[in-house]
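Residue numbers (the UniProt record's numbering), protein chains in the order written: chain V, 1 to 437; chain R, 1 to 437.
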């Protein structure tokens, strides 16, 4: 089953595009024009600001370089979207907020500079949940991004537009940020691959902060292999191809959050044969949740304390309510949370045990309708935000590399399989993705 | 003018004691017996637990080693007191609190292990303000330590007993901890020298925490030179003797806190000729205060959250009140404070400007009566706690090395001169102390 409205990059990989660029079957200018046209014709609200002139110029330069024998690698000439809270010099970057409606960035974020150095063509900014403060992706000053498989449903967030844009084939690559799952959740709910590298592997300088301790810059693309190529290109690193056998353990999703059995089954099938199973103990899960919430609340409230005092009315009402709650967190809970990370590291080691990689669904439910905050699962009510974050946020607390890859559709909606590795286990992580279904 | 009741180590330096030990004029056993007798006869409440048997045994071993030609350096055979929240294996360590009235430490703190490795003889634990949470030194489960110059007056704290013990000549050396001035304040008010090294220069493992970001382990001894010898012995480091000319700047004490003019004058006289003067801007001072308070409050409340919930009645009432206030601090203020340290580092660089060392009084007032929380200065009321911490706490926020040395007496009470250096400026700091009065 294919996506209802395929875009120019649907079914295309970075590898294939790169071959076409180098064989002369296409040009960066042509790919960029395809992207710009598709974005203009899309009703997904995936993009906020499109830089048609800048993109055309960058594409021409990419073509000239290739013609002159200058090859910047797998991202050379590839059109890319950039989440609307990552600074792009001279472009409007709004954080999805009325607070920054007219804000123009002074200089490129470090990751944008890396993207350009790798030869990619920045086409514009993609919709973010306001200040990235929400995993639903549907509260943004410019309105919600829409799920390409069903525009009445949320993309997930906060890198909502990046997820929609890649999944809909508007661009073959997008940058996102991931503080509790904000790359992986929209990738999973929209049917793309998404990679959150280890903490600080891609520098966060020039990214508007949500929670510096938890913020990660990541990539969204069609496949795990595309994510890998992008990661290697951005970090100028090369992951080993020969990693031997990778032992994948299935982390029982119900030990993290009540899970739609169809989602669990699809993810499990995608994981293929596994070496064994693991469960997270309830007290460890609770410590992960408390730690994540306290670190994020304290740091996010610190970022926005000035705006909360001076112009609260400019926030989206839901974001405002959440910020006000976050601002009440006592300092000693934050301090305890920062200290708890060491203990959680030990729990995670025990959980990984003999496995190189743990596999779970990325999100335990299918994409809910835009605006939904409660859902039902097996006759029981569940909180949508808690559900969306449940499988992904522990790996932000620990800074472990984590990847989501598309599994089968359920009810016409994408399901993501999440793979998580130890720091330094990136090669094994991508090897595990290759040995999946 | 000499101290009212001189002890066996009054007027003795580590250098002189070391010469006597090595020339056979005395033994570690004899020095230890002198210390134990003096402690037993003292009414200053400087010690909490005395380990006569352990000290005698350690002294015998020190003598045997010296006799066998094993020389551990300047602390070999020197009796030392250890603040009652630094762990000593097998000894009662109470944190000055009823919560730990019967607590026996499992193992030596890292600094105690270093002290023993350097050959010192641990004679017992010295009174601390309960959990080190107070610069007055007069709230401790075993009662306040008393100022050797006037037993109705406070020692200052929180290393209250270490200050009294060294100043009264009960021991030639004591360990303390310093989170906002807790080594320097009692040293200054009691008439000893005290050195707070750079952050983490002496490891804090095995020290009961007050605020890990601000806690420093330091030493108290008769003179700056004794502090230096102790520091070098504990850290197995050697500071350069040749540092060239050291430019000392006078940091106007009134730019930090209203200062008793007699105290300012005595400290200024002790500093001798200076290269120039500096003033702290009011907004920088305010940022230092807020930052110090927020970091300490958040971290201290985190340490005691369990006890606050389960057994609040075991705290001293004043300590309890302060902990309850600290527990209310919002997390975002703590996060902001942790971030503000970088900005304060820049302000401090501007303040140091051309100077290698800044000089101020250590404390802007004379030792107040035990229990006093308000005092009067020039007809205006001042808060005693704020006064005691005002000159010392900025250097904990920055982790800069700071030293207090005795200046002249005022009204029969000691005044301390504080010298502060850049990290790495320890040799200049001690050179500045030599060129003082």
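Note that beta-carbon positions come from the ideal geometry of N, C-alpha and C, so glycine has one too.
As the structure is a computational prediction, the values presented were derived from the model and not from experiment.
Determine, for residue 289/V, whether the minimum Cβ-Cβ distance to residues of chain R falls below 7 Å.
no
Contacting positions in the segment 334-349 of chain R - beta carbon closer than 8 Å to chain V:
334, 335, 336 and 339
Please name the residues in the segment 299-310 of chain R whose beta-carbon is closer than 7 Å to at least one beta-carbon of chain C, in chain order.
Of the protein chains in the structure, V and R, none is chain C.
N-terminal and C-terminal residue of the alpha helix (DSSP H) that residue 291/V is part of
Boundaries of the alpha helix (DSSP H) around residue 291/V: 282-310.
Between the C-alpha atoms of residue 225/V and residue 85/R, what's the straight-line distance to the nearest angstrom?
55 Å
How far does the alpha helix (DSSP H) with residue 15/R in it extend, from its first residue to its last?
Segment 14-23, the alpha helix (DSSP H) holding residue 15/R.
Residue 310/V, buried or exposed, once every other Cβ within 10 Å from all chains shown has been counted against 16:
exposed
Would you call the CB atoms of residue 47/R and residue 126/R closer than 7 Å?
yes
Since residue 42/R meets chain V, which of its residues come closer than 8 Å, beta carbon to beta carbon?
Contact of residue 42/R with chain V by beta-carbon distance below 8 Å is absent, the smallest such distance being about 38 Å.
State whether the segment 91-100 of chain V contacts the segment 48-57 of chain V, with contact taken as three or more CB pairs (one from each stretch) at a distance under 8 Å.
Between the segment 91-100 of chain V and the segment 48-57 of chain V there are three or more inter-stretch CB-CB distances shorter than 8 Å, so the stretches are counted as touching.
Can you name the residues of chain V whose CB is closer than 7 Å to the CB of residue 332/R?
298, 301, 302, 305 and 327
Flag this pair as touching only if the segment 50-66 of chain R and the segment 215-225 of chain R have three or more C-beta atom pairs under 8 Å; answer yes or no.
no
Give the straight-line distance between the Cα atoms of residue 13/R and residue 22/R, rounded to the nearest whole angstrom.
14 Å
Give me the residue from 416/R, 249/R and 73/R with the minimum Cα distance to residue 15/R.
Here the closest residue by C-alpha is 73/R.
On the DSSP letters alone, give me the boundaries of the alpha helix (DSSP H) that residue 151/R sits inside.
Note, residue 151/R: premise wrong, no alpha helix (DSSP H); not H, not E.
Taking the alpha-carbon positions, what's the residue 257/R to residue 56/R distance?
46 Å
Per-residue DSSP class, three states only, for residue 210/V
coil
Tell me whether residue 186/R sits in a helix, a strand or coil according to DSSP, three-state version.
helix
Does the pairing of the segment 184-195 of chain R with the segment 407-416 of chain R give three or more beta-carbon distances under 8 Å?
Contact between the segment 184-195 of chain R and the segment 407-416 of chain R is present, because at least three Cβ pairs lie under 8 Å.
Rounded separation between residue 197/R and residue 338/R - CA only
Distance between the alpha carbons of residue 197/R and residue 338/R is about 21 Å.
Using a threshold of 7 Å, state whether the C-beta atoms of residue 118/V and residue 175/V are closer than that.
no
Spatial neighbours of residue 408/V within its chain, please: CB distance less than 8 Å, with the 5 preceding and 5 following residues excluded, ordered by chain position.
266, 269, 270 and 415
Considering only residues of the same chain and omitting the five flanking positions on each side of residue 246/V, which have a CB-CB separation below 7 Å?
For residue 246/V, the CB contacts under 7 Å within the same chain, skipping 5 residues up- and downstream, are 356, 357, 428, 431, 432 and 435 in chain order.
Compute the Euclidean distance between the alpha carbons of residue 70/V and residue 172/V, then round it to the nearest angstrom.
22 Å
Taking the beta strand (DSSP E) that residue 216/V belongs to, which residues open and close that run?
Residue 216/V -> beta strand (DSSP E) spans 216-221.
For the alpha helix (DSSP H) holding residue 423/R, just list the boundary residues, first then last.
Taken as a continuous stretch (DSSP letters only), residue 423/R belongs to no alpha helix (DSSP H), as it is neither H nor E.
Just to confirm my understanding: we take residue 110/R, look at its own chain, exclude 5 residues before and 5 after, and list those with CB closer than 6 Å. What are they?
The answer, listed in chain order, is 203, 205 and 206.
Buried or exposed: which applies to residue 106/V, given that a residue is buried once 16 or more other Cβ atoms fall within 10 Å of its Cβ?
exposed
Do residue 153/R and residue 4/R have their C-beta atoms closer together than 7 Å?
no
Going by the DSSP bridge assignment, what does residue 124/V pair with across the sheet?
50/V and 81/V
Nearest to residue 120/R by alpha carbon, out of 215/R, 381/R, 58/R and 306/R?
For residue 120/R, the nearest C-alpha among the options comes from 58/R.
Could you compute how far the alpha carbon of residue 159/R sits from the alpha carbon of residue 220/R?
9 Å
Checking the sheet assignment: what are the DSSP bridge partners for residue 92/V?
The beta-bridge partner set that DSSP reports for residue 92/V consists of 104/V.
Are the CB atoms of residue 177/V and residue 215/V within a distance shorter than 7 Å?
yes
Buried/exposed call for residue 296/V, threshold 16 Cβ in 10 Å
buried
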